[in-house]
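Colleague: Residue numbers (my numbering): 143 to 509. Think of the CB as a built atom: it goes at the ideal place given N, C-alpha and C, for glycine as much as any other residue. Attaching a single structure in structure tokens format; questions to follow.
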Amino acid sequence: MNTKDRIVKSSVELVHPSVTPDGATTLSTENLPTNTDYMPEVGNGHIATVIHSDSIFMNGLYNGANFSSHRARISSTCGYSINATTPSELARVYTLDVGRGVFFESYTASGVNITLRTYAHRTLTHVLVTELVMMRDNVSKDVDVTIDLNSGAPSEDIDFISDTPGVIHGQTREAEYPELAPRTDFYMLTSASLQGKIVMSPGVQKETYLGLTVIDVNKETVTAAYALAVAAFQENHLLRDHIEEWNTMWNRSSIDVEGDLNISKINYACLYYILSSLPWVPNNKDWPFIGLSPGGLAHGEQDKDYLGHIFWDQDIWMFPPIALLYPDLGRLIVETRTRTLAAAKILARESGFDGARYPWESAFTGT
């Protein structure tokens, strides 16, 4: 575990304002659900993860032949949680901020604040971010934190090999249909781990540590996105850029209900989870958007959560509100079907029909 080269700065980027009503978009609790199926998630349509989980998933990354194809599990490098703090008598609050697209794990007391911020960046879409923020009103106070990382067991879906320094080259183990598409190669670059004990540096009142996970099918994209994220962090606008992109989306369209805060929370949360599984940019021809699974991008490992497959749920239930509120994203959803039109025509012909026959469920190849 490499910790000696942790990325750190003696300042804190404040949380940028959201255009959404905080009362309807900040969902807080002192205790997380015991059923992990109810844990919150962060995503941006390219990569996603369930908070504190041992897995990361990427759009279009599937492993397994034929009907066994499922989202390929990447062992998490961002499943951080706070295990212990000094001082120890701190009040703990967990918050999923669906307006800003950030999960906060906060510990506070008189003059001390420790917060872990996790988000899938909305402009640097290949990047998952974790920021450990520590603040104290007096430098004589001892402040430290012990961070756990849930990586789980090694992935059974992916073979990893070292590439250029720091970059990991991954390849799925089994193609869905080798005659249609080979195994998938991708690249991954992470910063020094935040796992372990971190002590505030002497003489500082504010300090922020950065954890980055960058994933894509293009190695140059990975290294470039990593450099941009580090620069934005050091220049104090990494979080702001992310929140401003969410603000741009909410300014375009949202659903507010006056007089019923609970319904407002449900509306924003539902839109948040759908939008977190959608890219907000035109389709990348080298790696297009595959589609919306009922379980979202943060779910779909082998034998669970619909395996990350695309069902008719996308077209019947999820497409209509997105097409109404965000027509360009609706077009992206339609393109998930035009992308696999050739496979649908083959299925129709093999069934004795003209036209296109889309399968009940599909993954990478659309069959």
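How long is the line joining the alpha carbons of aspartate 164 and serine 406, rounded to whole angstroms?
Modeller: Here residue 164 is taken as the residue at index 22 of the sequence shown, counted from 1. Here residue 406 is taken as the residue at index 264 of the sequence shown, counted from 1. Cα to Cα, aspartate 164 sits roughly 11 Å from serine 406.
Colleague: From aspartate 327 to phenylalanine 506, what distance separates their C-alpha atoms?
Modeller: If you number the sequence shown from 1, residue 327 lands on position 185. If you number the sequence shown from 1, residue 506 lands on position 364. Approximately 13 Å between the Cα atoms of the pair.
Colleague: In whole angstroms, give me the CA-to-CA distance for tryptophan 429 and valine 359.
Modeller: The sequence position of residue 429 within the sequence shown is 287, counting from 1. The sequence position of residue 359 within the sequence shown is 217, counting from 1. Computed Cα separation, rounded: 8 Å.
Colleague: Do isoleucine 216 and glutamate 247 have their CB atoms nearer than 7 Å?
Modeller: The sequence position of residue 216 within the sequence shown is 74, counting from 1. The sequence position of residue 247 within the sequence shown is 105, counting from 1. Contact flag unset, no.
Colleague: Residues bridged to glutamate 183 by DSSP?
Modeller: Here residue 183 is taken as the residue at index 41 of the sequence shown, counted from 1. In the DSSP output, where bridge partners are listed per residue, glutamate 183 has Val192.
Colleague: First and last residue of the alpha helix (DSSP H) that includes glycine 472?
Modeller: Looking up residue 472 in the sequence shown gives position 330. Counting along the chain, the alpha helix (DSSP H) containing glycine 472 begins and ends at 469 to 480.
Colleague: Is the distance from the Cβ of valine 240 to the Cβ of threonine 167 below 7 Å?
Modeller: Residue numbering aside, residue 240 sits at position 98 when the sequence shown is read from its first letter. Residue numbering aside, residue 167 sits at position 25 when the sequence shown is read from its first letter. Yes, the pair counts as a contact, with Cβ atoms nearer than the cut-off.
Colleague: Give me the residue from His194, Tyr236 and Tyr204 with the minimum Cα distance to glutamate 449.
Modeller: The residue you call residue 449 lines up with position 307 of the sequence shown. Strictly speaking, residue 449 in this sequence is leucine, with glutamate absent from that position. The option with the nearest alpha carbon to leucine 449 is Tyr204.
Colleague: On the DSSP letters alone, give me the boundaries of the beta strand (DSSP E) that asparagine 389 sits inside.
Modeller: Translated into the one-based positions of the sequence shown, residue 389 becomes position 247. Note, asparagine 389: premise wrong, no beta strand (DSSP E); alpha helix (DSSP H) at 380 to 394.
Colleague: Whose C-beta lies closer than 7 Å to the C-beta of lysine 339 among residues of the same chain, with five residues either side of it excluded?
Modeller: Residue numbering aside, residue 339 sits at position 197 when the sequence shown is read from its first letter. Result list for lysine 339: Asp286 and Thr288, in chain order.
Colleague: Is isoleucine 458 buried or exposed, if buried means 16 or more other CB atoms sit within 10 Å of its CB?
Modeller: Residue 458 sits at position 316 when you count from the first residue of the sequence shown. So isoleucine 458 counts as exposed.
Colleague: Could you please give me the residues that DSSP links to threonine 288 through a beta bridge?
Modeller: Within the sequence shown, the letter at position 146 stands for residue 288. Bridge partners of threonine 288: Ala226 and Lys339.
Colleague: Which one or two residues does DSSP pair with arginine 259 in a beta bridge?
Modeller: Your numbering for residue 259 matches position 117 in the sequence shown. DSSP output for arginine 259 lists Phe246 and Glu273 as bridge partner(s).
Colleague: Could you check which residue in Pro182, Phe199 and Tyr180 has the C-alpha nearest to that of histidine 515?
Modeller: Absent from the model: residue 515. The displayed extent of the chain is 143 to 509, so no value can be given.
Colleague: Could you tell me the alpha carbon to alpha carbon distance between glutamine 456 and glycine 433, rounded to whole angstroms?
Modeller: By 1-based counting over the sequence shown, the position of residue 456 is 314. By 1-based counting over the sequence shown, the position of residue 433 is 291. Approximately 8 Å, taken between the alpha carbons.
Colleague: Between the beta-carbon of valine 372 and the beta-carbon of leucine 331, is there less than 7 Å?
Modeller: Taking the first residue of the sequence shown as position 1, residue 372 is located at position 230. Taking the first residue of the sequence shown as position 1, residue 331 is located at position 189. Not in contact: valine 372 and leucine 331 (Cβ atoms no closer than 7 Å).
Colleague: Going straight from the alpha carbon of isoleucine 310 to that of isoleucine 303, what length do you get?
Modeller: By one-based count along the sequence shown, residue 310 stands at place 168. By one-based count along the sequence shown, residue 303 stands at place 161. Those two C-alpha atoms are separated by around 6 Å.
Colleague: Ordered along the chain, which non-local residues of its own chain (more than five positions away) have a Cβ less than 6 Å from that of alanine 367?
Modeller: In the sequence shown, residue 367 corresponds to position 225, counting from 1. Excluding positions up to five away in sequence, the list reads Leu266, His268, Val269 and Val356.
Colleague: State the beta-bridge partners of histidine 212 as determined by DSSP.
Modeller: Taking the sequence shown and counting its residues from 1, the one referred to as residue 212 is at position 70. BP columns for histidine 212 point to Asn205.
Colleague: Given that a residue counts as buried once 16 or more other Cβ atoms are within 10 Å of its Cβ, and exposed if not, what is glutamate 183?
Modeller: Residue 183 sits at position 41 when you count from the first residue of the sequence shown. Buried is the call here.
Colleague: Report the three-state DSSP secondary structure of alanine 295 (helix, strand or coil).
Modeller: Working through the sequence shown from its first residue, we reach residue 295 at position 153. Here alanine 295 sits in coil by DSSP.
Colleague: Are the beta-carbon atoms belonging to valine 161 and asparagine 393 less than 7 Å from one another?
Modeller: Start at 1 with the first residue of the sequence shown, and residue 161 comes out as number 19. Start at 1 with the first residue of the sequence shown, and residue 393 comes out as number 251. Yes.
Colleague: Would you say phenylalanine 461 and isoleucine 452 are within 7 Å of each other, going by their C-beta atoms?
Modeller: Mapped onto the sequence shown, residue 461 falls at position 319. Mapped onto the sequence shown, residue 452 falls at position 310. Not closer than 7 Å, so no.
Colleague: Let me check one thing: in DSSP terms, what residues is histidine 311 bridge-paired to?
Modeller: Against the sequence shown, residue 311 aligns to sequence position 169. DSSP lists Ile303 and Tyr329 as partners of histidine 311.
Colleague: Please state the DSSP three-state secondary structure of glutamate 318.
Modeller: Walking along the sequence shown from the start, residue 318 turns up at place 176. Looking at glutamate 318 - three-state DSSP - the assignment turns out to be coil, as it is neither helix nor strand.
Colleague: Taking glutamate 503 as the reference, which of Gly345, His194 and Ser435 has the closest Cα?
Modeller: Taking the first residue of the sequence shown as position 1, residue 503 is located at position 361. Among Gly345, His194 and Ser435, the Cα nearest to that of glutamate 503 belongs to Ser435.
Colleague: Taking 6 Å as the limit between beta carbons, can you name the residues of its chain near valine 364, skipping five residues before and five after?
Modeller: As a position in the sequence shown, residue 364 is number 222, starting the count at 1. Same-chain partners within the cutoff: Tyr329, Leu331, Val356 and Asp358.
Colleague: When the distance is taken between beta carbons, is aspartate 147 closer than 7 Å to alanine 334?
Modeller: Residue 334 sits at position 192 when you count from the first residue of the sequence shown. Residue 147 sits at position 5 when you count from the first residue of the sequence shown. Cβ atoms of alanine 334 and aspartate 147: closer than 7 Å.
Colleague: If you compare alpha carbons, which of Leu352, Asn378, Leu169 and Ala214 is closest to glutamine 313?
Modeller: Here residue 313 refers to the residue found at position 171 of the sequence shown. Among Leu352, Asn378, Leu169 and Ala214, the Cα nearest to that of glutamine 313 belongs to Ala214.
Colleague: Please identify the residue among Val244, Ser153, Asn201 and Leu169 whose C-alpha is closest to the C-alpha of asparagine 425.
Modeller: Along the sequence shown, one-based indexing puts residue 425 at 283. Measuring from the Cα of asparagine 425, the nearest candidate turns out to be Asn201.
Colleague: Please go through the same chain and pick out, in chain order, the residues whose beta-carbon is closer than 7 Å to the beta-carbon of cysteine 412, but skip the five residues on each side of it.
Modeller: Locating residue 412 in the sequence shown gives position 270, where the first residue counts as 1. Closer than 7 Å at Cβ, skipping near neighbours: no residue.
Colleague: Per DSSP, what kind of secondary structure is isoleucine 416 in: helix, strand or coil?
Modeller: For the purposes of this step, residue 416 is taken as residue 274 along the sequence shown, with counting starting at 1. Helix, per DSSP.
Colleague: Exposed or buried, what is threonine 478 when buried is set at 16 or more other beta-carbons lying within 10 Å of its beta-carbon?
Modeller: Numbered from 1 along the sequence shown, position 336 holds the residue referred to as residue 478. It counts as buried.
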